[in-house]
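For reference, the structure is listed below as structure tokens.
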Amino acid sequence: MSNQVPDQMEEDEQPYCIWHPDIATEETYRALALKFPTMRYQVGHACAAAGYYDLYKDLDLLPEVSIAEEARESQTEGGKLIYDEIMTCKSRYGIMNDCKREVETCEEDYEYPAYLNGDTEVRWRLKARQKLSSDELQDLLPCIEEDMHLDIEKQDLDEEHGTLSDEEAKLLWQPLPQDLPTVKKTLLLQIAAYDGNIERFVRLAGGGRTLSELDLECVERGILHHSMFARWWADQVKEDTVYAEAVPHITWIQEPIIARRIMVNDYAYFEKGWPAGDPKPYIIWWPLRPDAQFLLFLLEKCPEITMQIAAAAIVCDYDHVYYAADPDPCWDLWEVASYSTNPFYREDQEKRAKEKNVDLGWNGWVDLMPLYRQCDLLKTKEFTVFEPYEGRIRDIVGQYVVPTVYEKIVNTGDVQLKVWEGVGRISSVN
Numbered sequence: 001m002s003n004q005v006p007d008q009m010e011e012d013e014q015p016y017c018i019w020h021p022d023i024a025t026e027e028t029y030r031a032l033a034l035k036f037p038t039m040r041y042q043v044g045h046a047c048a049a050a051g052y053y054d055l056y057k058d059l060d061l062l063p064e065v066s067i068a069e070e071a072r073e074s075q076t077e078g079g080k081l082i083y084d085e086i087m088t089c090k091s092r093y094g095i096m097n098d099c100k101r102e103v104e105t106c107e108e109d110y111e112y113p114a115y116l117n118g119d120t121e122v123r124w125r126l127k128a129r130q131k132l133s134s135d136e137l138q139d140l141l142p143c144i145e146e147d148m149h150l151d152i153e154k155q156d157l158d159e160e161h162g163t164l165s166d167e168e169a170k171l172l173w174q175p176l177p178q179d180l181p182t183v184k185k186t187l188l189l190q191i192a193a194y195d196g197n198i199e200r201f202v203r204l205a206g207g208g209r210t211l212s213e214l215d216l217e218c219v220e221r222g223i224l225h226h227s228m229f230a231r232w233w234a235d236q237v238k239e240d241t242v243y244a245e246a247v248p249h250i251t252w253i254q255e256p257i258i259a260r261r262i263m264v265n266d267y268a269y270f271e272k273g274w275p276a277g278d279p280k281p282y283i284i285w286w287p288l289r290p291d292a293q294f295l296l297f298l299l300e301k302c303p304e305i306t307m308q309i310a311a312a313a314i315v316c317d318y319d320h321v322y323y324a325a326d327p328d329p330c331w332d333l334w335e336v337a338s339y340s341t342n343p344f345y346r347e348d349q350e351k352r353a354k355e356k357n358v359d360l361g362w363n364g365w366v367d368l369m370p371l372y373r374q375c376d377l378l379k380t381k382e383f384t385v386f387e388p389y390e391g392r393i394r395d396i397v398g399q400y401v402v403p404t405v406y407e408k409i410v411n412t413g414d415v416q417l418k419v420w421e422g423v424g425r426i427s428s429v430n
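Under full-length UniProt numbering, think of the first position of the sequence shown as 1, with each following residue one higher.
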């Protein structure tokens, strides 16, 4: 990128990304390809980013999908020529893998036929940066610069690249074409997960990209609401597939799967007690409510989740299950009681607390995983639109601070509202 070609370089020393933060001259890239022929595809990708069409033609590369996506997104005249040339080919190839930072030139290794799927970490995406001193650093793939996307200050994408055009927004409710016409697929993936749409999620998440915390919140919601999505994820976890590998902490997936199995009264799974090593979900009563008889069965087989069973009994108003659980007073049950229309449960928790001299104040949920229980409870309220915004749809789900609680929760209400803008009355043209 500084227009200097190394005298020698072993193949395992060759960099993957040679087009960011700076672009070298066409002459430099030509000299690099001549001296190190194994870097021809990296040079071709650089040509796509810079718009060097003449050099791209001279490289005589197979029509490669990530080069096509970079060329389209570069918005250069030469880039358009490269993109058009690749797209006129009957078949295309997946040779460059941004997540693995590998170039597969052997026929048995590269993908064929390949389609544009928005998996390329194009040059403008590299402008988004995490703050170096942040307490919430995420090591996400792809990361073609091998720097965790770090910078001194946090940097967001500009308006053009952080929002969806009208044509891109249509992909939210229309079938996905074979070749995805955009690399803005963060919201597409998150909505697919949120809705438990297996086909769309598999298509959009299949490139090995690490799922972010926001992505996983949407996945969790999809699992809790859709048994088939939960069942599919169970296979991914058991077989350790590329989708499971994309999850930084697999318990984030296991927990909602187990909660869903409880909600559908899966007796067989708990016949021998709580499965060793399985995480214990906090909420087992939303969005479906388990049968009272099943909760009594769980109480017998899995006494270690008595508090969660008592919470379910409170919300479902199963007083006989609550009495059978005979729970100790605690903040969790006192708070859950506010979600019940029956005042008895909160009054009973207060009575038990007084008798046992227990403080019902917040105790940090020491014995439960994960943390942030208040946020977990708030998700069950299914808030609609918190803060509608003007302009185009953002390429990411919203996070909103809940009044009086001051915790952020994921909410797709803004997107669900904005997709109706300009639709007007629904009536047949006939």
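Beta carbons are placed, not taken as given, at the ideal position from N, Cα and C, and that holds for glycine.
By Cβ distance, which residues of its chain are closer than 8 Å to residue i, with the 5 residues on each side in sequence left out?
| i | result |
| --- | --- |
| G273 | K301 and C302 |
| residue 431 | The chain is shown from 1 up to 430; residue 431 falls before or after that span and cannot be answered. |
| F344 | D319 |
If you drop the 5 nearest sequence neighbours on each side, which residues of the same chain put their C-beta closer than 6 Å to that of residue i?
| i | result |
| --- | --- |
| E111 | G94 |
| R92 | P63, V65 and A114 |
| I305 | K280 |
| H20 | R123 and L126 |
| R40 | A33 and L59 |
| V242 | G208 |
With a CB to CB cut of under 7 Å and the five nearest residues on each side skipped, what residues in its chain are close to residue i?
| i | result |
| --- | --- |
| A335 | Note that residue 335 is Glu in the sequence shown here, rather than Ala. Closer than 7 Å at the Cβ level, and outside the excluded window around E335, lie L377. |
| Y282 | Q308, L368, R373 and D376 |
| L55 | E26, Y29, R30 and C47 |
| L116 | V65, A68, E69, D179 and L180 |
Check for me: the beta strand (DSSP E) holding residue i runs from which residue to which?
| i | result |
| --- | --- |
| I409 | K408 to N411 |
| V397 | Looking at the DSSP string, V397 is not in any beta strand (DSSP E), and its letter there is neither H nor E. |
Rounded to the nearest angstrom, what separates residue i and residue j at their Cα positions?
| i | j | result |
| --- | --- | --- |
| A234 | G222 | 13 Å |
| D240 | I250 | 10 Å |
| A176 | C47 | In the sequence as presented, Ala is not what sits at residue 176; that position holds Leu. Their backbone Cα atoms lie some 28 Å apart in a straight line. |
| C316 | R352 | 20 Å |
| W286 | Y400 | 21 Å |
| Y339 | I284 | 14 Å |
| I262 | L211 | 26 Å |
| D266 | D326 | 23 Å |
| Q42 | A230 | 39 Å |
| R129 | F294 | 48 Å |
| E102 | E271 | 47 Å |
| T384 | K408 | 14 Å |
To which residues does DSSP link residue i through a beta bridge?
| i | result |
| --- | --- |
| V103 | M96 |
| Q42 | DSSP lists no partner for Q42. |
| Q130 | L150 |
Along the chain, where does the alpha helix (DSSP H) containing residue i start, and where does it finish?
| i | result |
| --- | --- |
| K272 | First-last for K272: undefined, no H or E at that position. |
| P256 | T251 to M263 |
| E146 | That residue, E146, is in no alpha helix (DSSP H); it is neither H nor E in DSSP. |
| T161 | For the record, residue 161 in the displayed sequence is His; it is not Thr. First-last of the alpha helix (DSSP H) with H161: E159 to G162. |
| T186 | T186 to Y194 |
| K351 | F344 to K356 |
| R231 | S227 to E239 |
| G78 | E77 to M87 |
| F201 | I198 to A205 |
| L61 | Unbroken run through L61: none, as it is neither H nor E. |
| D166 | D166 to A169 |
contact_flag[the region 314-331, the region 341-349] where n(CB pairs < 8 Å) is 3 or more
yes
Evaluate the contact criterion for the region 136-145 versus the region 193-206: three or more CB pairs, one atom per stretch, below 8 Å.
Fewer than three pairs of CB atoms, one per stretch, sit closer than 8 Å, so the region 136-145 makes no contact with the region 193-206.
Counting pairs of beta carbons, one from the region 421-428 and one from the region 191-200, are three or more of them closer than 8 Å?
no
Given 8 Å as the limit, is there contact between the region 384-393 and the region 144-164, that is, 3 or more CB pairs closer than that?
Enough Cβ pairs lie closer than 8 Å, so yes.
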